[in-house]
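Heads up: the protein sequence lines correspond to chains A, B, C and D, in order. Following my numbering, the numbering of the first sequence begins with 673 at its first residue and continues without gaps. Following my numbering, the numbering of the second sequence begins with 673 at its first residue and continues without gaps. Following my numbering, the numbering of the third sequence begins with 673 at its first residue and continues without gaps. Following my numbering, the numbering of the fourth sequence begins with 673 at its first residue and continues without gaps. One structure is given below, encoded as structure tokens.
4 protein chains.
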Amino acid sequence: MVQVTVWNEFRHEREDEAVKEQYPDGIHEVLAECLAERGFETRTATLDEPEHGLTEAVLEDTDVLLWWGHAAHDEVEDAIVERVHERVLDGMGLLVLHSAHYSKIFKRLMGTSCSLKWREEGERERLWVVEPSHPIAAGVEEFIELSEAEMYGERFDVPEPETLVFNSWFEGGNVFRSGCCYRRGSGKIFYFRPGHETYPIYRRPEIQQVIANAVRWAAPTEGPEPTYGEREPIEHLD
Amino acid sequence: MVQVTVWNEFRHEREDEAVKEQYPDGIHEVLAECLAERGFETRTATLDEPEHGLTEAVLEDTDVLLWWGHAAHDEVEDAIVERVHERVLDGMGLLVLHSAHYSKIFKRLMGTSCSLKWREEGERERLWVVEPSHPIAAGVEEFIELSEAEMYGERFDVPEPETLVFNSWFEGGNVFRSGCCYRRGSGKIFYFRPGHETYPIYRRPEIQQVIANAVRWAAPTEGPEPTYGEREPIEHLD
Amino acid sequence: MVQVTVWNEFRHEREDEAVKEQYPDGIHEVLAECLAERGFETRTATLDEPEHGLTEAVLEDTDVLLWWGHAAHDEVEDAIVERVHERVLDGMGLLVLHSAHYSKIFKRLMGTSCSLKWREEGERERLWVVEPSHPIAAGVEEFIELSEAEMYGERFDVPEPETLVFNSWFEGGNVFRSGCCYRRGSGKIFYFRPGHETYPIYRRPEIQQVIANAVRWAAPTEGPEPTYGEREPIEHLD
Amino acid sequence: MVQVTVWNEFRHEREDEAVKEQYPDGIHEVLAECLAERGFETRTATLDEPEHGLTEAVLEDTDVLLWWGHAAHDEVEDAIVERVHERVLDGMGLLVLHSAHYSKIFKRLMGTSCSLKWREEGERERLWVVEPSHPIAAGVEEFIELSEAEMYGERFDVPEPETLVFNSWFEGGNVFRSGCCYRRGSGKIFYFRPGHETYPIYRRPEIQQVIANAVRWAAPTEGPEPTYGEREPIEHLD
């Protein structure tokens, strides 16, 4: 059974009335619940817990980590970022949601600025599936339409994704690579754009479906554990 | 339950004593059996059956097709190749084994010559896993060693694989990209190098494991069925 | 000096008054001229010439071939398609323009249907550069805007491009991967979406700039000519 | 004219007699000289200079930076690593040579451990060209043979390269992806394996040819400078 930890900054929902209305118990609870309903074993962790809720023990028991952050990326301690980074390289899956494009852990894994254009006007977004055979697109229509979304636009400063699953159209004239697959070490990473805190996007069944698909895709497989360092020759040398 | 059809040219095993000894009932039977043991629903089809055993009905019921051919690629009828091609674009997975690199269907899907260097001296091969987190590498050690193999060497004239899972070392001084993932239309394709007819390679548990992994990976997912052609605007045009 | 052959179906311009007005001497002449101005040695070839103007001698002298076709893809003889295909694998660059996504040669090289959604309403298109460091994007702004364009929309049934340079936004609500790089054999291929016959798109300096960049990128380099077939061991075998 | 800075740790050559014999003035001088002979404007920089020789002014004037380090990666100051990192994202090319796979800057750009297997026995290496049409392979034969090389073996913990140009065979039974292209931000990166300090590998004309090719490939192009941050809508919102 895949074990999922949903990490959330969990500040907006406590400090901002509009957000509290959307997500009274926090974005993490909505995400954890929808994943539990789909058969995953879930727990949550938030910024203001000790070690941000991401102790060695928690990470050890996590197959896939979801990460949502926005206003307090800088408050995430570097030591915890390194711990998460090591676990990803070691095989833990990572889902990077919406404004977490700017999280320390995503920038650490990508090696780039992860910058983009943005605008908060509640415009229409249409996420087109460009790779319909990818498991992350299972159960989805040809596009997902969001009537009100924050805009994220290209250039998105990330390495070219190993697979681009979703490609977004925005009413205001922009496009965005909004569903991007990566592999780093033995860990699989999926960046998924939707999910602003003031729109009830994580309650949408299609969005929940994509997230559940991505968790399944990112879960570790039982591949060989790579070993490194000095090695004797396997074959006889002249 | 994933439905697998194992297609085999099935000539060597009837005409050549050495091959008959290795695979008395044909390569297809060994492959079908090892997949059945791993929980797949399997059937076989061979060149000399009517329509090469690949009727519309058979293909309709096939989630993943395995293809082994060597000496009679040219005898595969173009109409059947087109039929298989359409099914792949429509979502059927395809495993292309060993000398099937030169099959009509693989060349049709790759758009290249699929040529390579080769040598039949029974030399050692070591297939190194270069992407340990890929599901096709599950349950495999850091490398698979074959004590006697036909050599296939670079330049392998195929498009750069979407993921390279195995990279082969040969005793005689060559290397080869020996486990290559592709996506064409809604179909997933895996080229896997091992498997010459005079070596009992398909009886090796690690090889069977990789093939079973690849079947699981290549099985169709329930993504959107893409539609094409003229379309009304979704948004109002100025 | 890079030698370019511009191939054009050249039917619309002779049969349709609106197209004749845009391109009185044919699309090929406008393209050849703009490339000549940028220092390329150019010639043209059209469908109704003997061998479609693509004799062995012409192809032998061609470093990069541009291909524009629309209504008469089926009239291109298979033998000529095979000849062009071989030259591409052998190193000749190929630029596939607009409706040539459906040409025999592009489908032959891609191995897929190359289908897409389309609409001819003269809507706005914005081609966003997603890979600004690619040489094909040199001298271009963050996006190219076309005030009137035919729409091409996803799902575009092609293999995932090796590099995606342009990503298009359309007024009517669609997106499209509109600048796609591929490598097949020793040949480089660039698919570039803009260029409908009834809009004067090929007279736009930015579009001409992209095409010239792509010609430079696709021109053959002096890499090793790969050899294939049976080979002696390079190393001593046990 | 492309401006190249060759950075070298430059410790082995001063401290170890065997290395001093190979490279009396340092690896950087041999590399700078061979590039100057091929028409590049070159300078050098070394670890023990102030700011490791990589001042803002030097980097500003550098189109492509070569990096060779081995025993003192940790002595490179983080602030300088960040400076180089920013310049790469901003468009400067970077060639990462041999043991620099473990440099701070390469790990920073890759986001992975960059670990590998290794062995120093002076064994044979054969670098096979797997992508002959890539400009980095220009002027090279089907393989480059090194009679005595340090072994680097898979699993090499890097993201899958955007293009794999060279694939190495080692006498002792290992393989290695030895010529790997990446793009990060607007910068192009090439990792090239050969070059141990006790073998005169950088004096080999084929190796010099590859390095010169890679400098040309990695040099910045005049693409759009991406802009980021909040943006007004381009299109009218409902």
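Ideal placement from N, C-alpha and C gives every residue a C-beta, glycine not left out.
| field | Where ILE906 (chain A) meets chain D, residues with beta-carbon distance less than 8 Å | value | By one-based count along the first sequence, residue 906 (chain A) stands at place 234. GLY844, GLY845, ASN846, listed in chain order.
| query | For PHE707 (chain C), does the three-state DSSP call read helix, strand or coil? | reply | Your numbering for residue 707 (chain C) matches position 35 in the third sequence. One point to set straight first is that residue 707 (chain C) is Leu, not Phe, in the sequence displayed. In this structure, DSSP gives LEU707 (chain C) a helical state, which the three-state scheme calls helix.
| How would you write the range of the alpha helix (DSSP H) that GLU897 (chain C) sits in, first residue to last? | Position 225 of the third sequence, counting from 1, holds the residue named residue 897 (chain C). No alpha helix (DSSP H) holds GLU897 (chain C); DSSP gives it neither H nor E.
| Residue closest to ALA708 (chain D), alpha-carbon to alpha-carbon, out of D:TYR774, D:GLY901, D:VAL887, D:GLU897 | Sequence index remark: in the fourth sequence, residue 708 (chain D) carries index 36 (1-based). Selected option, being the one with the closest Cα: D:VAL887.
| field | Residues that LYS789 (chain D) contacts on chain A, provided the C-beta gap is smaller than 7 Å | value | Numbered from its first residue, the fourth sequence carries residue 789 (chain D) at position 117. Residues of chain A passing the Cβ test: TYR900, GLY901, ARG903.
| request: Would you kindly work out how many angstroms separate the C-alpha atoms of PHE815 (chain A) and HIS770 (chain A), rounded to a whole number? | output: Looking up residue 815 (chain A) in the first sequence gives position 143. Looking up residue 770 (chain A) in the first sequence gives position 98. Taking the straight line joining both Cα atoms gives about 18 Å.
| The alpha helix (DSSP H) enclosing MET782 (chain A), as first and last residue numbers | Translated into the one-based positions of the first sequence, residue 782 (chain A) becomes position 110. Counting along the chain, MET782 (chain A) sits inside the alpha helix (DSSP H) bounded by residues 776 to 782.
| Which stretch, first to last residue, makes up the beta strand (DSSP E) that contains LEU799 (chain B)? | One-based indexing of the second sequence puts residue 799 (chain B) at position 127. It spans 789 to 801 - the beta strand (DSSP E) in which LEU799 (chain B) sits, taken as one unbroken run.
| request: Report the residue from D:SER819, D:THR870, D:TRP889 whose alpha carbon sits nearest the alpha carbon of GLY698 (chain D). | output: In the fourth sequence, residue 698 (chain D) corresponds to position 26, counting from 1. It is D:THR870 whose Cα lies nearest to the Cα of GLY698 (chain D).
| request: For THR893 (chain D), return the contacting residues in chain C, with the cut-off set at a CB-CB distance below 7 Å. | output: Within the fourth sequence, numbered from 1, the residue matching residue 893 (chain D) stands at position 221. Around THR893 (chain D), the beta-carbon contacts reaching into chain C at under 7 Å are SER805, PRO807, ALA810.
| query | Under a CB-based cut-off of 8 Å, is ARG856 (chain B) close to chain C? | reply | Counted from its first residue, the second sequence places residue 856 (chain B) at position 184. Nearest CB-CB separation between ARG856 (chain B) and chain C: below the 8 Å threshold.
| request: Could you tell me whether any Cβ in chain B is nearer than 8 Å to the Cβ of PRO872 (chain A)? | output: Start at 1 with the first residue of the first sequence, and residue 872 (chain A) comes out as number 200. No, its Cβ sits nowhere closer than 8 Å to a Cβ of chain B.
| query | Touch check for the region 725 to 745 of chain C and the region 886 to 900 of chain C: three-plus C-beta pairs under 8 Å? | reply | The region 725 to 745 of chain C vs the region 886 to 900 of chain C: in contact.
| task | Please say whether PHE864 (chain A) and GLY851 (chain A) have beta carbons closer to each other than 8 Å? | result | One-based indexing of the first sequence puts residue 851 (chain A) at position 179. One-based indexing of the first sequence puts residue 864 (chain A) at position 192. In this structure, GLY851 (chain A) sits near PHE864 (chain A), with a CB-CB distance shorter than 8 Å.
| request: Examine chain C for any beta-carbon lying closer than 8 Å to the beta-carbon of VAL801 (chain D), and answer yes or no. | output: What you label residue 801 (chain D) is simply residue 129 of the fourth sequence in a count that begins at 1. Nearest CB-CB separation between VAL801 (chain D) and chain C: below the 8 Å threshold.
| task | Ignoring anything shorter than 4 residues or poking outside the region 731 to 774 of chain D, list the alpha helix (DSSP H) runs there in chain order. | result | DSSP runs (the alpha helix (DSSP H)) wholly in the region 731 to 774 of chain D: 750 to 761.
| field | Closest residue to HIS745 (chain D) among D:ASP762, D:GLY811, D:LYS776, D:LEU726 (Cα-Cα distance) | value | Position 73 of the fourth sequence, counting from 1, holds the residue named residue 745 (chain D). Distances from the CA of HIS745 (chain D) to each of D:ASP762, D:GLY811, D:LYS776, D:LEU726 were compared; the closest alpha carbon is that of D:LYS776.
| request: Could you name the residues that DSSP lists as bridge partners for ILE816 (chain D)? | output: Taking the fourth sequence and counting its residues from 1, one reaches residue 816 (chain D) at position 144. DSSP links ILE816 (chain D) through a beta bridge to D:LEU799.
| message | Using a Cβ-Cβ distance cut-off of 8 Å, determine whether ASP910 (chain C) contacts chain B. | response | Your numbering for residue 910 (chain C) matches position 238 in the third sequence. Using a Cβ-Cβ cut-off of 8 Å, ASP910 (chain C) counts as an interface residue toward chain B, since at least one Cβ of chain B sits closer than that to its own.
| request: Please list the partners that PRO866 (chain C) has in chain B, where partner means a Cβ-to-Cβ separation under 7 Å. | output: Residue numbering aside, residue 866 (chain C) sits at position 194 when the third sequence is read from its first letter. Those do not exist, as PRO866 (chain C) stays about 18 Å from chain B at its closest Cβ, beyond 7 Å.
| Pair within 8 Å by beta-carbon distance, VAL724 (chain A) and VAL748 (chain A) | As a position in the first sequence, residue 724 (chain A) is number 52, starting the count at 1. As a position in the first sequence, residue 748 (chain A) is number 76, starting the count at 1. It should be noted that the sequence gives His, not Val, for residue 724 (chain A). Taking 8 Å as the cut-off, the beta carbon of HIS724 (chain A) is found closer than this to the beta carbon of VAL748 (chain A).
| field | Contacting residues, own chain, Cβ-Cβ under 6 Å from LEU767 (chain D) (five flanking each side not counted) | value | In the fourth sequence, counting from the first residue as 1, residue 767 (chain D) sits at position 95. If we look at LEU767 (chain D) and ignore the five residues flanking it on each side, its Cβ neighbours are LEU738, PHE862, ALA886.
| Alpha carbon to alpha carbon, what distance is there between GLN880 (chain A) and THR716 (chain D)? | One-based indexing of the fourth sequence puts residue 716 (chain D) at position 44. One-based indexing of the first sequence puts residue 880 (chain A) at position 208. Using only the alpha carbons, I get a separation of about 54 Å.
| message | By the 9 Å beta-carbon criterion, what residues does the region 774 to 785 of chain C contribute toward chain B? | response | Cβ contacts with chain B: LYS779, ARG780, LEU781, MET782, GLY783, THR784, SER785.
| For ILE861 (chain B), the three-state DSSP class (helix, strand or coil) | As a working mapping, residue 861 (chain B) is identified with position 189 in the second sequence. The answer is strand: DSSP assigns ILE861 (chain B) an E or B state.
| query | Among the residues of its own chain, which have a CB less than 6 Å from the CB of THR714 (chain D), if the five just before and after it don't count? | reply | One-based indexing of the fourth sequence puts residue 714 (chain D) at position 42. Only residues of its own chain outside the window of five on either side were considered, and among them VAL676, ALA704, LEU707, ALA708 have a CB closer than 6 Å to the CB of THR714 (chain D), listed in chain order.
| message | At the level of alpha carbons, what is the spacing between GLU758 (chain C) and HIS684 (chain B)? | response | Taking the first residue of the third sequence as 1, we reach residue 758 (chain C) at position 86. Taking the first residue of the second sequence as 1, we reach residue 684 (chain B) at position 12. For GLU758 (chain C) and HIS684 (chain B), the distance between alpha carbons rounds to 31 Å.
| Distance CB(ILE906 (chain A))-CB(GLY845 (chain D)) smaller than 8 Å | By one-based count along the first sequence, residue 906 (chain A) stands at place 234. By one-based count along the fourth sequence, residue 845 (chain D) stands at place 173. Yes. Within cutoff.
| task | Assign PRO804 (chain C) to buried or exposed, taking buried as 16 or more other Cβ atoms, counted over all protein chains shown, within 10 Å of its Cβ. | result | Locating residue 804 (chain C) in the third sequence gives position 132, counting from the first residue. Buried, since its Cβ has 16 or more Cβ neighbours within 10 Å.
| task | Could you spell out the range, first to last residue, of the beta strand (DSSP E) harbouring ALA717 (chain D)? | result | Translated into positions along the fourth sequence, residue 717 (chain D) becomes position 45. Per DSSP, the unbroken beta strand (DSSP E) holding ALA717 (chain D) starts and ends at 713 to 718.
| task | May I ask which residues mark the beginning and end of the alpha helix (DSSP H) holding ARG875 (chain B)? | result | If you number the second sequence from 1, residue 875 (chain B) lands on position 203. Segment: none, ARG875 (chain B) is in no alpha helix (DSSP H) and carries neither H nor E.
| said: Quick check: GLU645 (chain B) and HIS868 (chain B), are their CB atoms within less than 8 Å of each other? | reply: In this structure chain B extends from 673 to 910, so residue 645 (chain B) is not present and cannot be described.
| task | Taking 8 Å as the cut-off, decide whether the C-beta atoms of VAL830 (chain B) and VAL882 (chain B) are in contact. | result | Position 158 of the second sequence, counted from the start, is the residue given in the question as residue 830 (chain B). Position 210 of the second sequence, counted from the start, is the residue given in the question as residue 882 (chain B). Cβ atoms of VAL830 (chain B) and VAL882 (chain B): not closer than 8 Å.
| Beta-carbon proximity list for PRO898 (chain A), same chain, < 8 Å, skipping 5 on both sides | Looking up residue 898 (chain A) in the first sequence gives position 226. Excluding positions up to five away in sequence, the list reads SER858.
| said: Using CA atoms only, rank isn't needed, just tell me which of B:ARG856, B:GLU721, B:TYR900 is closest to LEU761 (chain B). | reply: In the second sequence, residue 761 (chain B) corresponds to position 89, counting from 1. With distances taken between Cα atoms, LEU761 (chain B) lies closest to B:ARG856.
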